[in-house]
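Asks: Counting with the numbering used here, you get residues 3 to 248 for the letters of the sequence shown.
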Amino acid sequence: MVFDVTEQDFETQVIERSRTLPVVVDFWAEWCGPCRQLGPILEQAVSAREGKVALAKLDTDANPTISRAFGIQGIPAVKAFRDGRIVAEFVGAQPRANVERFLDALLPSEADALVAAGDEASLRAALESEPNRADALVPLARLLHARGEDEQALALLERAPGDFAAAGLAARIRLQQAGALDLADAFAALDAGDHGRALDLLIGAIPSADGAQDEIRKIVVGVLDDLGVEHPLARDARRRLAAALY
């Protein structure tokens with residue numbers, strides 16, 4: 003997929019499109035010899051990937067404002083966008099092998115596809131090739147926890163140190179094993195996808211949760227990490243969590 007792009011349609015054709023597949027932008031100009039050298043290599047390599055990546059061609063002479071916005075000082079300049087932001091870039095003509103490696107790094111790996119599938123067999127297969135992928139360890143641990151295999155779930159979660167979702171799920175399992183707090187309604191809401199009610203119940207339980215405040219905090223932080231910083235629940239929940247803790 004190769005197309006021309008201008009300042010007028012850059013937002014739609016590049017930024018928005020990059021939320022569904024990687025978009026590579028080739029900043030070039032007609033007078034630029036290295037641009038004419040790189041252009042065909044890029045176009046052929048992108049076409050060979052059969053729709054898995056898009057190439058947008060932007061003439062810097064005809065679109066000076068956006069070229070300045072992206073700090074283009076030398077051309078050809080190539081920037082790769084994914085999920086609305088730049089994830090890789092290079093400047094200057096490159097040999098075909100370098101261009102191929104650049105594009106391949108933008109595409110999902112086999113393990114990425116397995117994680118996206120999300121079933122137990124796929125998650126286990128992903129972990130065979132990348133044993134410490136948190137985005138495979140956590141959903142697999144959730145599946146194990148759901149059928150009562152808590153020790154196996156905890157063992158998986160130990161392989162994802164520093165991951166908020168993993169820490170939150172491990173804290174939930176430990177609290178449920180201890181049985182000292184009744185958080186069944188909060189966990190039921192969480193499992194049902196009612197994150198607002200789950201967060202209300204979890205944060206509301208903190209003041210009276212003697213000795214378990216930090217475990218509940220980890221669960222809440224894990225939920226917020228799953229939701230993402232832009233989720234409408236996130237800011238208010240963080241404020242209320244801080245107030246409950248301090």
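The beta carbon of each residue, even a glycine, is placed where N, CA and C say it ideally should be. Quick caveat: nothing in here was measured; it's all calculated off a predicted structure.
Measure the C-alpha to C-alpha separation of Arg-84 and Val-26 and round it to an integer number of angstroms.
Replies: Going from the Cα of Arg-84 to the Cα of Val-26 covers about 9 Å.
Asks: Let's see if you can read the secondary structure: which residues bound the beta strand (DSSP E) around Ala-190?
Replies: No beta strand (DSSP E) contains Ala-190, which is instead part of the alpha helix (DSSP H) from 186-193.
Asks: How about the region 98-116 and the region 62-70: do they share at least three Cβ pairs that are nearer than 8 Å?
Replies: Contact fails: fewer than three Cβ-Cβ distances are below 8 Å.
Asks: Who does Val-4 pair with in a DSSP beta bridge?
Replies: Val-4 is bridged to Leu-57.
Asks: Would the region 131-143 and the region 114-122 be scored as touching if the rule is three or more Cβ pairs under 8 Å?
Replies: Cβ pair count under 8 Å is three or more, so yes.
Asks: Check for me: the beta strand (DSSP E) holding Asp-28 runs from which residue to which?
Replies: It spans 25-30 - the beta strand (DSSP E) in which Asp-28 sits, taken as one unbroken run.
Asks: On the DSSP letters alone, give me the boundaries of the alpha helix (DSSP H) that Val-117 sits inside.
Replies: Val-117 -> alpha helix (DSSP H) spans 112-119.
Asks: Select from Arg-144, Arg-237, Gly-41, Lys-59 the residue whose C-alpha is nearest the C-alpha of Leu-201.
Replies: Among Arg-144, Arg-237, Gly-41, Lys-59, the Cα nearest to that of Leu-201 belongs to Arg-237.
Asks: According to DSSP, simplified to helix, strand and coil, what is Glu-232?
Replies: In the structure shown, Glu-232 sits in coil (DSSP, three-state: anything other than H, G, I, E or B).
Asks: Use the C-beta contact count for Arg-21: other C-beta atoms within 10 angstroms, 16 or more gives buried, fewer gives exposed.
Replies: Counting Cβ neighbours within 10 Å, Arg-21 comes out exposed, since fewer than 16 surround it.
Asks: From the DSSP output, which residues share a beta bridge with Glu-91?
Replies: BP columns for Glu-91 point to Lys-81.
Asks: Can you tell me where the alpha helix (DSSP H) holding Asp-137 begins and where it ends?
Replies: Residues 136-148.
Asks: Beta-carbon within less than 6 Å of Lys-54's beta-carbon, same chain only, minus the 5 sequence neighbours each way: which residues are those?
Replies: Only Leu-109 meet the Cβ criterion.
Asks: Less than 8 Å between C-beta atoms, sequence neighbours within five positions excluded: which residues of the same chain meet that for Glu-91?
Replies: Counting only Cβ-Cβ distances below 8 Å, and skipping sequence neighbours, we find Ala-79, Val-80, Lys-81, Ala-82.
Asks: Is it true that the region 10-19 meets the region 34-46, where meeting means three or more beta-carbon pairs spaced less than 8 Å apart?
Replies: No, they do not touch.
Asks: Could you tell me how far apart the beta carbons of Met-3 and Leu-57 are, in whole angstroms, since I believe they sit closer than 8 Å?
Replies: At roughly 7 Å, the Cβ-Cβ gap stays under 8 Å, so Met-3 and Leu-57 are in contact.
Asks: Return helix, strand or coil for Ile-74, following the three-state DSSP convention.
Replies: Three-state DSSP puts Ile-74 in coil, outside helix and strand.
Asks: Name the two residues that bound the continuous alpha helix (DSSP H) containing Asn-100.
Replies: Start and end: 98-106.
Asks: Within a Cβ cutoff of 8 Å, which residues of the same chain sit near Gly-230, ignoring the five residues on either side of it in sequence?
Replies: Excluding residues within five positions, the ones whose Cβ falls inside 8 Å are Ala-236.
Asks: Would you call the CB atoms of Ala-113 and Leu-139 closer than 9 Å?
Replies: The answer is no: Cβ separation not under 9 Å.
Asks: Going by C-alpha to C-alpha distance, which of Ala-123, Pro-42, Ala-172, Val-89 sits closest to Ala-107?
Replies: When only C-alpha atoms are compared, the closest one is Val-89.
Asks: Leu-177 lies in the alpha helix (DSSP H); which residues open and close that run?
Replies: Note, Leu-177: alpha helix (DSSP H), 166-180.
Asks: Okay, do the region 212-226 and the region 182-197 touch, 3+ Cβ pairs below 8 Å being the bar?
Replies: These segments touch.
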